[in-house]
Every structure is written in structure tokens, then in C-alpha cells.
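Quick note, the sequence shown lines up with residues 0 to 195 if you use numbering that gives the first Met the number 0.
Heads up: the structure comes next, in C-alpha cells.
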Amino acid sequence: MTEYIANMLTKNMYMDGLIKESEESIYSYSIQLIVEKIIGFSAIYMIALFQGYFFETVLFTISLSNLRKCTGGYHANSFRSCFIGTVSIYLIYIKLIYPYLLNNMKINMIIFLVSAMVIFVLGAVNHPGMDWNKEEFEENKKLARITVFVELLVVIALTYLGMAEKYILFMSFGMILCAILLTLGKITGQEVKCDE
């Protein structure tokens, strides 16, 4: 469905003279990714709104998105699998993990710090969909380490300043999930060697 929408939009752009025929596949893929992100984020935000976790979820998605764009990591084979996996992980978090961690903040902070170390050590996984060259890969590893350091400082500072634990938990879950996906990408071999 998302591929069809992207192809139709791209065809219209070509017919209107906005892009060249040789650029169609690039635009189609980019539009498809945007459409899929809109659908995925919309679903998560709708669930968050109905469950009463909207602002917390905004913090979670900011934390996760900032890291994920430069770390890479595990990716599902299809949008459908990604969508189902994303929604399932989110529901499991808000229904099972979050209530437990709300009563066990020390455990959350330990997992959070371990996740930060994992991201700091691994840096990034060059997924075939990203296909970074060596320079891009090194730049993204560096950016991932800077981002994890900044997010770590922000969460620790906000915790120290007395921010409500619910916000801290959702922000830290962004980094925790990113570390899990990064590790899964390594373990499952979803990594390609960088071209020079």
C-alpha cells in the first residue's frame, strides 16, 4: 500500500515536470519511507492519546528518533512487520514494563546506563538499507556517541532536578530500545561492510 502511494505521487511529480525520470526510484523510496513513518507515528500517538501517555510518548519518540537515525540497527523485512513490531513493543512497554519500572526506578536507571554504554561502544550498525560508505559510517558512529552522551546528561539532569518519573521513564526507554535494536542488528548480521 505505501509503495503504491509513493509510486503514484512520484509519477505525478514526473508528469508535472518536478523530477527527472532517472530520479523516480529515489523519490519513490523516499516518499515511501515518509508515508510509513507518518502511519507508524500516527498509530503510536493515537494509542498514546487514548492511554493518557501522549506527552510522555513525544519524549520517547524524540529520544529514540534522535539516536536511531545515526545508529542503525535491526530493521524488519517489511513495513507490515515493522508496524506490527513497533506497535507491539509500545503496547508491551506501556502495559507491562512501564508500570513495573515506575515502582523500580533504580532498575530503570541501571538498564538505561547499560544501554548508553552499549550504544557508546557499538556506535552504529551499517544496515543494508542505509548502506553508508566508510566516511558516513564513522560520522554516524561519532554522532551516535555524542547524541547518547547528550541524552544521558539530559535524563540525569532532569532526574536530579525532580522531573516526574513518568517522563524520565519514557525518555530513557527511547535509548534502551535503541540499544536493543542496535544489538539485535549486530547479532542477526544485519550489517554490511562499508565501501571506501
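All residues carry an ideal CB built from backbone N, CA and C; glycine is no exception.
Checking the sheet assignment: what are the DSSP bridge partners for residue i?
i   : result
G71 : V124
So what does DSSP say about residue i, is it helix, strand or coil?
i    : result
N103 : coil
N6   : helix
G173 : helix
T187 : coil
M0   : coil
I145 : helix
A156 : helix
N65  : helix
G84  : helix
S77  : coil
A163 : coil
I179 : helix
L95  : helix
L17  : coil
Out of the options, state which residue places its alpha-carbon closest to the alpha-carbon of residue i.
i    : options              : result
I4   : D15, Y26, L17        : Y26
F54  : V191, G184, F169     : F169
V86  : L63, M129, Y44       : Y44
C177 : F119, V191, Y13      : F119
L183 : M7, A75, T1, M0      : A75
F78  : Y97, N102, I38, L157 : I38
L151 : L180, E23, K19, A115 : A115
D130 : E23, G16, T70        : T70
V147 : V117, A163, G161     : V117
For residue i, count neighbouring Cβ atoms within 10 angstroms of its own Cβ and tell me buried if that reaches 16, exposed if not.
i    : result
N139 : buried
F136 : buried
F111 : buried
V113 : exposed
A143 : buried
I186 : exposed
E134 : exposed
V149 : exposed
E35  : buried
M7   : exposed
M14  : exposed
F59  : buried
M174 : buried
A163 : exposed
Unbroken alpha helix (DSSP H) runs of length 4 or more, entirely within the segment 21-54: which are they? 23-50
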